[in-house]
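Numbering (the working numbering), first residue to last: 218 to 511.
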């Protein structure tokens, strides 16, 4: 019996498409952790809010797609700023587990808010992506997955360039390295905290729109955040490179496990992989040794 290499190639392409979205959302997670040392368990719910705000603008108010996307991104950034200012900043100096539990509560609040406004029924986003079949050689890849990966890759590249050359990005990297030194250099560290949450909220909104366009939206979208949590722990909580490599690798593992073992094994495979990597490298593939685990 010959092995179907074309099927493996198609499954791998689909896995890379999902992995790109994991990497983008993982980058949101890492931005917050590097700047504020907060493990944000509500990243999946912030992604969900971005998708529902886009739905409200595009379907409810019939705004043009581009304007609905801009509105969702702005709403995501504002959500990040409000959460940082009202829930995270007052917790500075408290134990990590206390701040962690605040984000757990935030996740529940966001889910409840969505169900109060839109109910718990699944919904479809308006079609806005091209639906022309995508062929790479003889392999087929779903158009939404392909374009979702392109969007994720372009955004990741843009974020890396912004934080490499923009003054605010330099301030964020300085704060992430040493908050005391950043203070001594005149950097407004609380402002950098807000900036990191705003960027993360905006990027999560875009990821939510793409995820929603592929699989629809519902109040359970936050489950996506579990895979993202695996990605960032696997790659290293404070590592941008870890989020990128981990996202793509976890996407591939999920795709292979789902195709060859069955859909119910997707999460099992990723968590088994997580346990194995933590047994060898407790701080993740690219994380620093000083990370404190909860």
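In this text, a Cβ means the ideal position worked out from N, Cα and C, and glycines have one as well.
Beta-carbon proximity check, residue i vs residue j, cutoff 8 Å
{"i": "residue 503", "j": "residue 453", "result": "yes"}
{"i": "residue 290", "j": "residue 419", "result": "yes"}
{"i": "residue 436", "j": "residue 331", "result": "yes"}
{"i": "residue 434", "j": "residue 342", "result": "yes"}
{"i": "residue 257", "j": "residue 246", "result": "yes"}
{"i": "residue 448", "j": "residue 464", "result": "yes"}
{"i": "residue 261", "j": "residue 438", "result": "yes"}
{"i": "residue 252", "j": "residue 401", "result": "no"}
{"i": "residue 389", "j": "residue 409", "result": "yes"}
Alpha-carbon spacing of residue i relative to residue j, whole angstroms
{"i": "residue 513", "j": "residue 268", "result": "The structure shown does not extend to residue 513, since the chain spans only 218 to 511, so no value can be given for it."}
{"i": "residue 479", "j": "residue 310", "result": "45 Å"}
{"i": "residue 427", "j": "residue 365", "result": "6 Å"}
{"i": "residue 353", "j": "residue 326", "result": "43 Å"}
{"i": "residue 237", "j": "residue 455", "result": "18 Å"}
{"i": "residue 371", "j": "residue 263", "result": "21 Å"}
{"i": "residue 508", "j": "residue 278", "result": "With a pLDDT of 49 at residue 508, under the threshold of 50, the modelled position of this residue cannot be trusted, and the question is left open."}
{"i": "residue 492", "j": "residue 486", "result": "10 Å"}
{"i": "residue 425", "j": "residue 475", "result": "22 Å"}
{"i": "residue 240", "j": "residue 333", "result": "30 Å"}
{"i": "residue 294", "j": "residue 220", "result": "47 Å"}
{"i": "residue 276", "j": "residue 369", "result": "23 Å"}
{"i": "residue 387", "j": "residue 380", "result": "6 Å"}
{"i": "residue 384", "j": "residue 403", "result": "13 Å"}
{"i": "residue 297", "j": "residue 443", "result": "19 Å"}
Cβ-based neighbour list, residue i, same chain, cut-off 6 Å, excluding 5 preceding and 5 following
{"i": "residue 235", "result": "468"}
{"i": "residue 322", "result": "none"}
{"i": "residue 399", "result": "391, 392 and 406"}
{"i": "residue 461", "result": "240"}
{"i": "residue 336", "result": "none"}
{"i": "residue 243", "result": "445, 448, 449, 460 and 464"}
{"i": "residue 528", "result": "Shown here, the chain extends from 218 to 511; a query on residue 528 therefore has no answer."}
Own chain partners of residue i with C-beta closer than 7 Å, once the 5 adjacent residues on each side are dropped
{"i": "residue 302", "result": "411"}
{"i": "residue 222", "result": "none"}
{"i": "residue 350", "result": "357 and 360"}
{"i": "residue 346", "result": "360, 361, 364 and 430"}
Option nearest residue i by Cα separation, candidates the options
{"i": "residue 292", "options": "329, 280, 274 and 281", "result": "274"}
{"i": "residue 360", "options": "344, 375, 281 and 448", "result": "344"}
{"i": "residue 225", "options": "457, 278, 403 and 471", "result": "471"}
{"i": "residue 324", "options": "288, 265, 286 and 378", "result": "265"}
{"i": "residue 312", "options": "403, 409, 255 and 422", "result": "255"}
Residues near residue i in its chain [Cβ-Cβ closer than 8 Å; skip 5 each side]
{"i": "residue 319", "result": "304, 305 and 308"}
Integer Cβ distance of residue i from residue j, believed to fall under 8 Å
{"i": "residue 230", "j": "residue 431", "result": "Incorrect: roughly 14 Å between the Cβ atoms, too far for contact."}
{"i": "residue 473", "j": "residue 249", "result": "About 30 Å; that fails the 8 Å criterion."}
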